[in-house]
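Sequential numbering of the sequence shown, starting at 1092, is according to the numbering used here.
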Amino acid sequence: MTNRIYISSPDVGDLEEKYVMAAMRSGWIAPLGPDVDAFELELAACVGVKHAVALSSGTAALHLGLLGLGVGPGDVVLTATMTFAATANAIVYTGAAPSFIDCELETGNMDPTLLRQSLERLSGSGQKIGAIVPVDLLGKAANYTEICAIAAEYGVPVLVDAAESFGAKHRGRPAGSGGRASATSFNGNKIMTTSVGGMLLTDDAGLAAHTRYLAGQARQPVAHYEHVDIGYNYGMSNLLAGLGRAQFSRLDEMIRRRRAMRDRYRQLFLGVDGVEIFGGVDDHEDNCWLTAIVIDSARTGWSRSDLGAFLRADEIETRPLWKPMHLQPVFASAPALTNGNAERLFQTCLILPSGSALSQAEIAWVIGRLTTFLSRAS
Ligand SMILES: *Cc1c(COP(=O)(O)O)cnc(C)c1O
């Protein structure tokens, strides 16, 4: 095998080429256009929300979603510590301060009990809690049912970071439909991609309109350029929306492939004492974006770095889970309510190649190298 094998590389081919060329030939090269409109309608219908606003990235969707909820300087925003830095960065862009909440051990998603504790502590402090931002880790939706109920008790709006979970569900409801709004991402490594891009999904017409307004440099509806607010250049290009529509038409197939890869790993590790598939046995509602294993090295006799180094020698990429935000130097002074779970998962999990673009030969190669590692290790 000569190709380097990545955790999750873009899965694009002839269909994507056709859509992007069609968008280009339509003459809508400048930002916005009919593919952006159609992409928004298709995704809103899929998720079951009234409004979708296509944006330049998932980070932009988080940023404008927070601004639309009225989050600003002096506010506190509660978010998951087990996430990618973009979630916390978007909070900081608004002038608010992130406060981190630890996770459930099984899913890595925000622990509702800790969320309640954090809200209880903060509610007497005089600080305004601007929003709660749960994150759907590796394509498993957070427990929206409990999180939204707790948030409602305290009157705090929820903005879901659904960057990793497009196509997943929570108790029958599509990811991206929870809370006041959700932000999803179409970055190159996500379940479907526009190379870079994102979307804000919401039932709130005012929030959608405000997001669209801010994303287009906050222009007033007059012929000359008139501005009463600070705006952003956060729109999605029509060419990229064409790519997104091709990807969206293949979403179910791409999820099926990722799930099939996870099933191969589950089979392989079934008889291996000390290794479990991260996220628990019940993943039927997940989009299976990335598959990670949890390694108990006291039982396996080998460590995460042993396996990572073995696969790296064959140009097979692996990675730990996100380094929790409360352990990041840049957020060292931010408050965090921890139970040790995020840190433990950071120490014990390894993400394996999970992309839908892997060929049958590449899959067989990865499974074969893992089988060799396990037979040598036992
Ligand atoms: C990818 C990701 C983002 C950022 O999305 P971009 O489109 O890359 O800006 C935000 N949050 C999480 C949890 C992500 O995985």
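Every residue, glycine too, gets a C-beta built ideally from N, C-alpha and C.
Point to revise | Residues near residue 1285 in its chain [Cβ-Cβ closer than 8 Å; skip 5 each side] | key: For the purposes of this step, residue 1285 is taken as the residue at position 194 of the sequence shown. Excluding positions up to five away in sequence, the list reads 1277, 1327, 1331, 1332, 1334, 1335 and 1338.
Practice item. Taking the CB atoms as reference points, tell me whether residue 1250 and residue 1160 lie closer together than 8 Å. Key: Here residue 1250 corresponds to residue number 159 of the sequence shown, with the count starting at 1. Here residue 1160 corresponds to residue number 69 of the sequence shown, with the count starting at 1. Contact flag set, yes.
Check your understanding: Can you tell me whether residue 1241 is buried or exposed, with buried defined as 16 or more other CB within 10 angstroms of its CB?
Key -> Working through the sequence shown from its first residue, we reach residue 1241 at position 150. With 16 or more other Cβ atoms within 10 Å, it is buried.
Exercise for review: Could you check what DSSP says for residue 1175 in three-state terms: helix, strand or coil?
Suggested key: Numbered from its first residue, the sequence shown carries residue 1175 at position 84. If DSSP states are grouped into helix, strand and coil, residue 1175 belongs with coil.
Point to revise | Pairwise C-alpha distance: residue 1121 and residue 1230 | key: Taking the first residue of the sequence shown as position 1, residue 1230 is located at position 139. Taking the first residue of the sequence shown as position 1, residue 1121 is located at position 30. Rounded to the nearest angstrom, the two C-alpha atoms are 32 Å apart.
Review point. At least one CB of chain D closer than 8 Å to the CB of residue 1206: is that the case?
Key: Included in the structure is just one protein chain, with no chain D present.
Practice item. Specify, as a first and last residue, the run of the beta strand (DSSP E) that residue 1367 falls within. Key: For the purposes of this step, residue 1367 is taken as the residue at position 276 of the sequence shown. Taken as a continuous stretch (DSSP letters only), the beta strand (DSSP E) holding residue 1367 covers 1366 to 1368.
**Study point:** Closer than 7 Å: residues whose CB approaches a heavy atom of ligand 1
**Key:** 1148, 1149, 1150, 1151, 1153, 1174, 1175, 1177, 1178, 1226, 1252, 1254, 1255, 1276, 1277, 1278, 1281, 1287, 1288 and 1289
Point to revise | Environment of residue 1173 [buried if 16+ CB atoms lie within 10 Å] | key: Start at 1 with the first residue of the sequence shown, and residue 1173 comes out as number 82. Per the 10 Å Cβ criterion, buried.
Point to revise | Residue interval of the beta strand (DSSP E) (run including residue 1385) | key: The residue you call residue 1385 lines up with position 294 of the sequence shown. Here the beta strand (DSSP E) through residue 1385 covers 1382 to 1386.
Review point. Taking Cβ positions, are residue 1152 and residue 1342 nearer each other than 8 Å?
Key: Sequence index remark: in the sequence shown, residue 1152 carries index 61 (1-based). Sequence index remark: in the sequence shown, residue 1342 carries index 251 (1-based). No. Outside cutoff.
Check your understanding: When DSSP builds the beta bridges, which residues end up paired with residue 1363?
Key -> Taking the first residue of the sequence shown as position 1, residue 1363 is located at position 272. In the DSSP output, where bridge partners are listed per residue, residue 1363 has none listed.
Practice item. Report, in whole angstroms, the separation of the C-beta atoms of residue 1428 and residue 1205, which I expect to be a contact under 8 Å. Key: For this step, residue 1428 is matched to residue 337 along the sequence shown. For this step, residue 1205 is matched to residue 114 along the sequence shown. With a Cβ gap of about 5 Å, residue 1428 and residue 1205 count as contacting.
Point to revise | CA-to-CA distance, residue 1396 to residue 1125, given in whole angstroms | key: Reading the sequence shown from its first residue, position 34 is the one you call residue 1125. Reading the sequence shown from its first residue, position 305 is the one you call residue 1396. Answer to the nearest angstrom: the Cα atoms are 48 Å apart.
Review point. Closest to residue 1296 by CA distance: which of 1192, 1228, 1140 and 1379 is it?
Key: If you number the sequence shown from 1, residue 1296 lands on position 205. Minimum Cα distance to residue 1296 is reached at 1140.
Review point. Between which two residues does the beta strand (DSSP E) containing residue 1145 stretch?
Key: Locating residue 1145 in the sequence shown gives position 54, where the first residue counts as 1. From DSSP, the beta strand (DSSP E) with residue 1145 extends over 1142 to 1146.
Practice item. Would you kindly check if the distance between the Cβ of residue 1099 and the Cβ of residue 1340 is under 8 Å? Key: Reading the sequence shown from its first residue, position 249 is the one you call residue 1340. Reading the sequence shown from its first residue, position 8 is the one you call residue 1099. No.
Review point. Is residue 1260 helix, strand or coil when you go by DSSP?
Key: Here residue 1260 is taken as the residue at index 169 of the sequence shown, counted from 1. If DSSP states are grouped into helix, strand and coil, residue 1260 belongs with the strands.
Check your understanding: With respect to the alpha helix (DSSP H) encompassing residue 1459, which residues constitute its N-terminal and C-terminal limits?
Key -> For the purposes of this step, residue 1459 is identified with residue 368 of the sequence shown, where counting begins at 1. 1451 to 1468 is the span of the alpha helix (DSSP H), which, as asked, contains residue 1459.
Review point. Is the beta carbon of residue 1261 less than 8 Å from the beta carbon of residue 1267?
Key: On the sequence shown, position 170 is the one that residue 1261 refers to. On the sequence shown, position 176 is the one that residue 1267 refers to. Against a cut-off of 8 Å, the Cβ pair of residue 1267 and residue 1261 comes out as no contact.
**Study point:** residue 1143 versus residue 1265 - alpha carbon distance
**Key:** For the purposes of this step, residue 1143 is identified with residue 52 of the sequence shown, where counting begins at 1. For the purposes of this step, residue 1265 is identified with residue 174 of the sequence shown, where counting begins at 1. Cα-Cα distance, rounded: 14 Å.
Practice item. Specify, as a first and last residue, the run of the beta strand (DSSP E) that residue 1192 falls within. Key: Taking the sequence shown and counting its residues from 1, one reaches residue 1192 at position 101. Counting along the chain, the beta strand (DSSP E) containing residue 1192 begins and ends at 1188 to 1192.
**Study point:** residue 1369 versus residue 1213 - alpha carbon distance
**Key:** Counting from 1 along the sequence shown, the entry for residue 1369 is found at position 278. Counting from 1 along the sequence shown, the entry for residue 1213 is found at position 122. Roughly 32 Å between the two C-alpha positions.
Check your understanding: In chain order, which alpha helix (DSSP H) runs of at least 4 residues are fully inside the region 1404 to 1447?
Key -> 1432 to 1439
**Study point:** Limits of the alpha helix (DSSP H) - the one that residue 1128 falls within
**Key:** Here the question's residue 1128 lines up with position 37 in the sequence shown. From DSSP, the alpha helix (DSSP H) with residue 1128 extends over 1125 to 1138.
Point to revise | Cβ neighbour criterion (16 or more within 10 Å) applied to residue 1200 | key: Translated into the one-based positions of the sequence shown, residue 1200 becomes position 109. Answer is buried; the Cβ neighbour count reaches 16.
**Study point:** the region 1439 to 1453 touching the region 1409 to 1422, judged by at least three CB pairs closer than 8 Å
**Key:** yes
Practice item. Compare the C-alpha of residue 1321 against each of 1419, 1315, 1307 and 1313 and name the closest. Key: As a first step, residue 1321 must be located in the sequence shown, where it is residue number 230. Checking every option, the nearest Cα to that of residue 1321 belongs to 1307.
**Study point:** For residue 1209, the first and last residue of its enclosing alpha helix (DSSP H)
**Key:** Reading the sequence shown from its first residue, position 118 is the one you call residue 1209. 1203 to 1214 is the extent of the alpha helix (DSSP H) around residue 1209.
Point to revise | Nearest-angstrom beta carbon gap, residue 1366 and residue 1386 [assumed within contact, 8 Å] | key: Taking the sequence shown and counting its residues from 1, the one referred to as residue 1386 is at position 295. Taking the sequence shown and counting its residues from 1, the one referred to as residue 1366 is at position 275. Confirmed, about 6 Å.
Practice item. Apply the 10 Å Cβ neighbour rule to residue 1317 and answer buried if 16 or more other Cβ atoms are within range, or exposed otherwise. Key: For the purposes of this step, residue 1317 is taken as the residue at position 226 of the sequence shown. With fewer than 16 other Cβ atoms within 10 Å, it is exposed.
Review point. Grouping DSSP H, G and I as helix and E and B as strand, with all else coil, what is residue 1150?
Key: The residue labelled residue 1150 in the question sits at position 59 within the sequence shown. Helix, per DSSP.
Exercise for review: Note down the Cα distance separating residue 1146 from residue 1289, rounded to an integer number of angstroms.
Suggested key: As a first step, residue 1146 is located in the sequence shown; it is residue number 55 there, counting from the start. As a first step, residue 1289 is located in the sequence shown; it is residue number 198 there, counting from the start. The straight-line gap from Cα to Cα measures roughly 5 Å.
Exercise for review: Kindly indicate which three-state DSSP category residue 1286 falls into: helix, strand or coil?
Suggested key: Counting from 1 along the sequence shown, the entry for residue 1286 is found at position 195. It is coil, neither helix nor strand.
Practice item. Report back the beta-carbon spacing between residue 1259 and residue 1232 to the nearest angstrom; my notes put them in contact at under 8 Å. Key: Counted from its first residue, the sequence shown places residue 1259 at position 168. Counted from its first residue, the sequence shown places residue 1232 at position 141. With a Cβ gap of about 5 Å, residue 1259 and residue 1232 count as contacting.
Point to revise | Where residue 1269 sits in the DSSP three-state scheme | key: Taking the first residue of the sequence shown as position 1, residue 1269 is located at position 178. Looking at residue 1269 - three-state DSSP - the assignment turns out to be coil, as it is neither helix nor strand.
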